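Enquirer: For the sequence shown, my numbering assigns the number 17 to the initial residue and increments by one for each residue that follows. Glycine included, each C-beta is placed from N, C-alpha and C at the ideal position. Small disclaimer: the values here were computed from a predicted structure and weren't measured.
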Amino acid sequence: MDDGNDAEREMAMRFNYVLLGKCTELWVFGGVVSRGMAREIGIAKKRRMKIRWFDHAMKEVNEYA
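1. Output the boundary residues of the beta strand (DSSP E) element that contains R30.
2. Expressed to the nearest angstrom, what Euclidean distance is found between the alpha-carbon atoms of A28 and L35?
3. In this structure, does DSSP put K61 in helix, strand or coil?
4. Would E24 be called buried (16 or more neighbouring beta carbons within 10 Å of its own) or exposed?
5. Please classify E76: is it buried, with 16 or more other beta-carbons within 10 angstroms of its beta-carbon, or exposed?
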C-alpha cells in the first residue's frame, strides 16, 4: 500500500475495519498514534473492545496521554 495514494490508503482502512470486526482486543504499539490508528482506536472504543497499549520496549502501559 502506498500511504501517499489516498485511494489505496482508504481501501486499506476498509480492510482494517473488516479485520477489526474479527478481533476481541486491539493492541496499540509505540507512543505515536497516526490518523489511521486513531480511527481504528475510535472504532474499537465504539465496539467496547478491550484496548491494550504497549511502549517501544513491548511493555504494557496505560493509555498514552
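Expert: Based on what the coordinates show:
1. Segment 22-36 is the alpha helix (DSSP H) holding R30; no beta strand (DSSP E) there.
2. For the pair A28 and L35, the Cα-to-Cα distance works out to about 10 Å.
3. In the three-state scheme derived from DSSP, where H, G and I count as helix and E and B as strand, K61 is classed as helix.
4. E24 is exposed by the Cβ-count criterion.
5. Counting C-beta atoms within 10 angstroms of its own C-beta, E76 has fewer than 16 neighbours from the protein chains shown and is therefore classed as exposed.
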